[in-house]
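For reference, the structure discussed in these notes is given below.
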Amino acid sequence: MNWFIEIFRTSIGKKIVMAITGLGFSLFLLIHLIGNLTLYGGKELFMSYVEHLHALGPLIHVAEVGLLTFAIIHVVSGLILFWQNLQARPIRYKINKRAGGRTLGSATMPYTGVLILIFVVIHLLNFHFIDHSLQTAFQVISATFSVLPYVVFYTIAVIIVAIHVSHGFWSLFQTLGANHANYMPAIKGFGIIFSLLVAAGFGFIPVYVNFIM
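Counting in the numbering used here, the sequence shown runs from 62 upward without gaps.
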């Protein structure tokens, strides 16, 4: 544990920790998206997916605890780095200016990160921490996405997630040493495609539930 604390004390250590936890969240987003895509196959297909998920039993709880731990570490690391950057703003500005212009994703990372955390809490309260003995997961989704204010909130949140991921995806590879002129453009391009898939895949669900299904 001491080695982790020593690494975490350095800026590059915190960036590496953020990269690893960010990669974990990217994988979770992908798996979660694939699962949610079963909604487009109708009620029976989605409920079959939910049943298979529940059949994993304790593994689901282990994954939830792991994700929560990753979230805490990721957010704490990000906030510490953000504060340290604010303290050294003149230096940071000069470095950024030499390195080129900032993107929307990079310029808003701390803010989108906090907004995503708020969204996750509200999202869990609406979908996870409720009594599922009274209604199925499909009924919960249908009822929640029939509320217009939540649909608007959800859609905006999904766009914010996509903006965060668009920068975070290639940034994590850069932090882990994959910053090479030959393949970094491909990584950036894949990150953009992935973020668009996240926005479209999750964002279209309320539309499908309300107007197509």
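Beta carbons: idealized from backbone N, C-alpha and C, even for Gly. All values reported here derive from a predicted model rather than from experimental measurement.
For Val78, is the classification buried or exposed, using 16 other Cβ atoms within 10 angstroms of its Cβ as the cut-off for buried?
By one-based count along the sequence shown, residue 78 stands at place 17. Buried, by the Cβ-count rule.
Contact between the segment 99–116 and the segment 198–205 (3+ Cβ pairs under 8 Å)
yes
Starting from His113, trace the alpha helix (DSSP H) in both directions and tell me its first and last residue.
Reading the sequence shown from its first residue, position 52 is the one you call residue 113. Per DSSP, His113 belongs to the alpha helix (DSSP H) from 104–115.
Just mark Phe57 as buried or exposed, buried being the case when its beta carbon has 16 or more other beta carbons within 10 Å.
Lying outside 62 to 274, the shown extent of the chain, residue 57 is not represented and no answer is given.
Any chance you could list the beta strand (DSSP E) runs of at least 3 consecutive residues sitting entirely within the segment 147–234, in chain order?
none
Can you round the beta-carbon distance between Phe255 and Phe230 to whole angstroms, since I take them to be within the 8 Å contact cut?
Working through the sequence shown from its first residue, we reach residue 255 at position 194. Working through the sequence shown from its first residue, we reach residue 230 at position 169. Their Cβ separation, rounded to whole angstroms, is 6 Å, which keeps Phe255 and Phe230 in contact under 8 Å.
Do the segment 136–148 and the segment 75–91 meet, that is, are 3 or more Cβ pairs less than 8 Å apart?
yes
Integer Cβ distance of Gly264 from Ser227, believed to fall under 8 Å:
By one-based count along the sequence shown, residue 264 stands at place 203. By one-based count along the sequence shown, residue 227 stands at place 166. Wrong, their Cβ atoms sit about 14 Å apart, outside the cutoff.
DSSP state of Leu94 mapped onto helix, strand, coil
To locate residue 94, count along the sequence shown from 1; it is residue 33. DSSP places Leu94 in helix when its eight states are reduced to three.
Quick test of your reading: Ile134 and Thr82, contact by CB under 8 Å. State the CB separation rounded to the nearest angstrom.
As a position in the sequence shown, residue 134 is number 73, starting the count at 1. As a position in the sequence shown, residue 82 is number 21, starting the count at 1. Indeed they touch by this definition, with Cβ atoms about 5 Å apart.
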